Structure formats: structure tokens, C-alpha cells
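What follows is a short report on a single structure.
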Amino acid sequence: MGQKIKLIWEYRGPEAQQIAEHYEHHLIEFIEEHKLLHKITGTERLSEMYSVAFMVVDESEIEKVRNILRPRKAVLYQE
Numbered sequence: 633m634g635q636k637i638k639l640i641w642e643y644r645g646p647e648a649q650q651i652a653e654h655y656e657h658h659l660i661e662f663i664e665e666h667k668l669l670h671k672i673t674g675t676e677r678l679s680e681m682y683s684v685a686f687m688v689v690d691e692s693e694i695e696k697v698r699n700i701l702r703p704r705k706a707v708l709y710q711e
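Under my numbering, the first residue of the sequence shown is numbered 633, with each subsequent residue one higher.
Structure (C-alpha cells):
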């Protein structure tokens with residue numbers, strides 16, 4: 633296994649947290665369907681009007697996942 637990469641989708645507006653939570657369900661389904669190595673997902677409310685959904689993938693899976701799901705950001709994941 634390679635490094636873990638945290639893929640991030642950003643949402644803004646009064647419904648940002650609800651949208652991020654909804655999108656997380658789709659990320660979980662994607663992980664199960666594509667049998668990805670890590671099952672780490674979540675949401676973060678960064679302000680009242682800004683939330684993110686994220687998933688963690690192995691470095692070996694990054695290109696496949698990125699091309700399908702088109703995240704806004706990617707950073708190294710640190711536990």
C-alpha cells in the first residue's frame with residue numbers, strides 16, 4: 633500500500649452541511665462498489681456556510697477515483 637490521500641469536495645451556502653452529509657452516502661456506496669482499500673469518509677463543518685465531504689484513498693487508486701468523482705482538492709491524509 634502507498635500513502636493515503638484525502639479527497640475533498642467543498643460545499644458553500646446555508647445547506648452546505650446537509651449536502652456534504654448526503655454526498656458522503658454516495659462516497660460510501662462508491663467505496664463498496666469499487667472495493668477500495670480504505671473505508672474512511674466523513675464531513676467537516678468549517679463554518680456556518682462552508683462544509684466539506686471527504687474520503688481517503690490509497691495512492692494506487694487516486695487516478696481512477698479522481699477521474700470518476702472529480703474532487704476539488706487532495707491532500708496527504710494523516711491519522
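Positions of the beta carbon are idealized from the N, C-alpha and C atoms, including for glycine.
Only a predicted model underlies this, so the values are computations on that prediction, with no experimental measurement involved.
**7 Å Cβ cutoff met for S679 and G634** = no
Subject >> Bridge-paired residues (DSSP) for F686 >> reply: I640, G674
Quick one: Cα of A652 to Cα of Y643, how far?
7 Å
Checklist entry - For K696, which residues of its own chain have a beta-carbon under 8 Å away from its beta-carbon, when the five flanking residues on both sides are left out? => result H666
* Just reading off the beta strand (DSSP E) that K696 is part of, what are its end residues? -> Unbroken run through K696 is the alpha helix (DSSP H), 694 to 701; no beta strand (DSSP E).
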